[in-house]
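Going by my numbering, the first residue of the sequence shown is number 57, and it counts up by one from there.
Read through the structure below, which is laid out as structure tokens, and then see the notes.
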Amino acid sequence: MEPDLLEWFATEGLVRYSASASEDSDESEAIEVAHPPLVALGPRDEDFVLPPHPDALRYAGKRLHEMRLQDYNEFLFRWFEVALRAGDVRCANCGRVLRDEPDLPPTDTWDAIFVEKDLVAWMLVHFDCKRWLAKKLTGVQPFDLTPRKTPCYSLSTSATRH
Ligand SMILES: [Zn+2]
């Protein structure tokens with residue numbers, strides 16, 4: 057992950073830390089490992105990816121250093137819209153592919169969720185699946201996950217600069 061993005065997440069209080077013992081047994085020094093927030097593109101552990109960097113994607117809205125969490129959420133929703141069009145996003149609970157179309161039948165409507173617990177993550181989930189999500193995410197720890205690289209989408213034309 058880009059150092060400035062990790063630092064920005066840390067400032068927003070969204071980085072979790074775990075201690076892992078040093079390799080050297082003579083030293084009792086614990087190494088602190090930083091776990092940035094993640095984006096879930098589906099229900100499996102392998103579906104977690106690192107969050108995108110707005111500047112790296114030439115996002116037409118605010119630059120990262122101008123952003124508050126609300127701005128980043130807005131950026132991430134634009135990113136999700138592009139990911140949805142590419143057919144890359146599945147429900148974080150049931151795994152069905154989500155669509156971004158008007159007049160979806162009630163069983164297909166979904167919502168964007170931001171989880172801020174041991175795991176900090178953005179994800180999309182069907183309305184009907186929301187009530188199962190808390191149970192599904194119980195006990196999921198960021199240090200158990202190996203997030204994939206962020207898929208690259210072009211966002212330069214999807215928002216106007218404020
Ligand atoms: Zn679902």
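Every residue, glycine too, gets a C-beta built ideally from N, C-alpha and C.
For this session: Tell me whether the beta-carbon of Asn-129 lies closer than 8 Å to the beta-carbon of Lys-192.
Result: No, the Cβ-Cβ distance between Asn-129 and Lys-192 is not below 8 Å.
For this session: Note down, one range per segment and in chain order, each alpha helix (DSSP H) of at least 4 residues found wholly within the segment 138-198.
Result: If we require 4 residues or more, the alpha helix (DSSP H) runs fully inside the segment 138-198 come out as 186-193.
Exercise. With burial defined as no fewer than 16 other Cβ atoms inside 10 Å of the residue's Cβ, what is the status of Pro-161: buried or exposed?
Worked result: By the C-beta density criterion, Pro-161 is exposed, having fewer than 16 other C-beta atoms within 10 angstroms.
For this session: Please name the residue in Tyr-115, Trp-188, Ala-75, Pro-108 whose C-alpha comes closest to that of Pro-203.
Result: Among Tyr-115, Trp-188, Ala-75, Pro-108, the Cα nearest to that of Pro-203 belongs to Pro-108.
For this session: Could you tell me the boundaries of the beta strand (DSSP E) in which Ala-96 lies?
Result: 94-96 is the span of the beta strand (DSSP E), which, as asked, contains Ala-96.
For this session: Could you spell out the range, first to last residue, of the beta strand (DSSP E) harbouring Glu-88?
Result: That run of the beta strand (DSSP E) goes 86-91.
For this session: Taking all protein chains shown into account, decide if Cys-208 is buried (16 or more other Cβ within 10 angstroms of its Cβ) or exposed.
Result: It is exposed - the Cβ of Cys-208 has fewer than 16 other Cβ atoms within 10 Å.
Exercise. Is there at least one non-hydrogen atom of ligand 1 closer than 7 Å to the beta-carbon of Arg-152?
Worked result: Answer for Arg-152: yes, Cβ within range of ligand 1.
For this session: Would you list the residues sitting across from Ala-75 in a DSSP beta bridge?
Result: Looking at the DSSP output, Ala-75 shares a beta bridge with Glu-88.
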